[in-house]
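Step one of this worksheet: look at the structure below.
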Amino acid sequence: MIGMHRLFIAIRPPAEIRARLLSLPGNVPGARWQDDDQLHLTLRFAGEVGPHQAQDLADALDSVRFGSFSIALAGLGQFERKGRVNTIWAAVQPREPLAQLQRKVDRACVRAGLPPEERAFLPHITLARLGRDAGSTQSFMELNAGLTSPPFSVDSFALFESHLGQSGAIYHQAAIYRATPAEI
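Residues in the sequence shown are numbered consecutively from 1, following UniProt numbering.
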């Protein structure tokens with residue numbers, strides 16, 4: 001597997017939004033909280049690709065055209081697996097401009113030879129991952145159910161490479177793609 005790249009395409013929230021997420025009160029015993037470098041909103045997971053396909057993907061993403069738009073934090077959610085919570089995440093609204101951008105990114109991935117995304121797109125920012133031994137999330141979820149933020153502008157997305165280390169994943173921003181200025 002030499003030369004394979006584990007890639008994903010995501011939006012990096014601005015520093016003040018990341019700070020808001022990192023400062024949420026409450027505790028979930030045994031949860032592995034994302035640190036500042038790990039907070040992102042995934043548009044598309046590309047998975048393991050070779051160097052040629054990685055370059056094809058970077059080139060295809062270069063052709064994605066989008067205008068900047070605003071979103072805001074809007075509550076919390078959880079993913080479950082086999083009836084057990086394994087992820088806590090922050091929701092964002094509105095969904096539609098994100099969904100439009102995600103469809104464009106997905107088409108670029110398909111042009112680069114990746115299969116189309118099968119799963120429904122649910123825009124979110126992962127806050128914590130929970131193993132089998134993690135405690136209840138109930139009090140944290142109740143304490144932070146009203147999570148909101150001022151709107152923040154999405155004017156770029158990035159291609160990230162993920163390296164799995166002993167303390168979790170380390171993300172490296174490989175390329176950044178900026179919004180197209182609005183037509184006058």
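We put the beta carbon where it would ideally sit given N, CA and C, even for glycine.
Quick caveat: nothing in here was measured; it's all calculated off a predicted structure.
{"Asked": "To the nearest angstrom, report how far apart Gln93 and Leu73 are at their CA atoms.", "Found": "7 Å"}
{"Asked": "Please report the residue range of the beta strand (DSSP E) in which His40 lies.", "Found": "Counting along the chain, His40 falls outside any beta strand (DSSP E), and DSSP gives it neither H nor E."}
{"Asked": "Could you compute how far the alpha carbon of Gly50 sits from the alpha carbon of Ile9?", "Found": "16 Å"}
{"Asked": "DSSP state of Val92, grouped into three classes?", "Found": "strand"}
{"Asked": "Report the CB separation of Ala128 from Ile71 in whole angstroms; it is logged as a contact under 8 Å.", "Found": "The pair is not a contact, with the Cβ atoms about 21 Å apart (cut-off 8 Å)."}
{"Asked": "What would DSSP say about Leu57, mapped onto helix, strand or coil?", "Found": "helix"}
{"Asked": "For Pro29 and Phe45, what's the separation of their Cα atoms in angstroms?", "Found": "28 Å"}
{"Asked": "In the structure shown, what three-state DSSP assignment does residue 234 receive?", "Found": "Residue 234 lies beyond the stretch modelled for the chain, which goes from 1 to 184, so this question has no answer here."}
{"Asked": "Specify, as a first and last residue, the run of the alpha helix (DSSP H) that Ser139 falls within.", "Found": "138 to 143"}
{"Asked": "Does the separation of the CB atoms of Phe157 and Leu101 fall below 8 Å?", "Found": "yes"}
{"Asked": "Taking just the CA atoms, how far does Thr137 sit from Ser153?", "Found": "30 Å"}
{"Asked": "Given that a residue counts as buried once 16 or more other Cβ atoms are within 10 Å of its Cβ, and exposed if not, what is Gln34?", "Found": "buried"}
{"Asked": "Give the straight-line distance between the Cα atoms of Arg32 and Phe140, rounded to the nearest whole angstrom.", "Found": "14 Å"}
{"Asked": "Using CA atoms only, rank isn't needed, just tell me which of Ile11, Thr148, Ala58 is closest to His5.", "Found": "Ala58"}
{"Asked": "Just curious, the beta strand (DSSP E) that Glu80 is in, first and last residue?", "Found": "69 to 81"}
{"Asked": "Over what stretch of residues does the alpha helix (DSSP H) that includes Arg6 continue unbroken?", "Found": "Premise fails: Arg6 lies in the beta strand (DSSP E), 5 to 11, not in any alpha helix (DSSP H)."}
{"Asked": "With the cut-off set at 8 Å, would you say Asp155 and Ser63 are in Cβ contact?", "Found": "no"}
{"Asked": "Please state the DSSP three-state secondary structure of Leu122.", "Found": "coil"}
{"Asked": "Going by beta-carbon coordinates alone, are Ala91 and Gly77 separated by less than 8 Å?", "Found": "yes"}
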